[in-house]
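Below: the structure, in structure tokens.
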Amino acid sequence: MYRMLSIGLLFVLIGCGMNTPVEEETQTTEENEVHSEKEAEKPEIPEDSSMKNELENQKKLEGFMQKVKKGTPDEVRIVRYTVEGDSIYTDLAFNGQSIKFKRDTRRDKQGNGQVIERTCQSIKKEEEQGKTVYFLSCGIYGQIELLTLMYEEY
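Here the sequence shown is numbered in full-length UniProt numbering, starting from 1 and rising by one per residue.
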């Protein structure tokens, strides 16, 4: 029960943490295209599978942060799933100087179905009591939350 509550809170925090100014935003309202029959049939995401996906995303972000710290160009894709099982893609590309952020929500049937792009300066991780948050710093656009992991401290 606590795990479901934590995951639900995670999605709420991500939704509330989105900073979407109008200026530098690229919006695409093209109809969603299904690229394969497997994507057409979305399986229900079991709780354990969702947690595994979040930990995989964390591993990807940790590797990406190390490359950014060294100044080595790198790219990473983070896939998150809504409660309904729709996918949301976040692509990060570091060119040695800045980080290009792109979030594609067009497959989220309950969302606004757009592509948001930003150019950001840094990626950071904050560890607080019971949670770890990864975010980008994007100048005048503020911070963009990438991933929040909630856990119990013993």
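Backbone N, C-alpha and C define an ideal beta-carbon position, used for all residues, glycine too. None of the values given here were measured: they were computed from a predicted structure.
Under the DSSP definition of a beta bridge, residue 132 partners with 127 and 149. Here residue 80 is buried. Its C-beta has 16 or more other C-beta atoms within 10 Å. The beta carbon of residue 111 lies closer than 6 Å to those of 105 in the same chain, with the five residues before and after it left out.
Short of 6 Å from the beta carbon of residue 94, and not among the five residues preceding or following it, lie these beta carbons of its own chain, in chain order: 68, 73 and 74. Two segments are said to touch when three or more pairs of C-beta atoms, one from each, lie closer than 8 Å; by this definition the segment 117-126 touches the segment 56-70. Within the segment 74-107, the complete beta strand (DSSP E) runs of at least 3 residues fall at 74-81, 87-94 and 99-104. About 15 Å separates the CB atoms of residue 76 and residue 55; that is not less than 8 Å, and the two are not in contact. Taking a 10 Å sphere around the C-beta of residue 141, we find 16 or more other C-beta atoms and assign the residue as buried. For residue 88, same chain residues with a beta-carbon under 6 Å away, outside a window of 5 residues either side, are 80, 105 and 108 in chain order.
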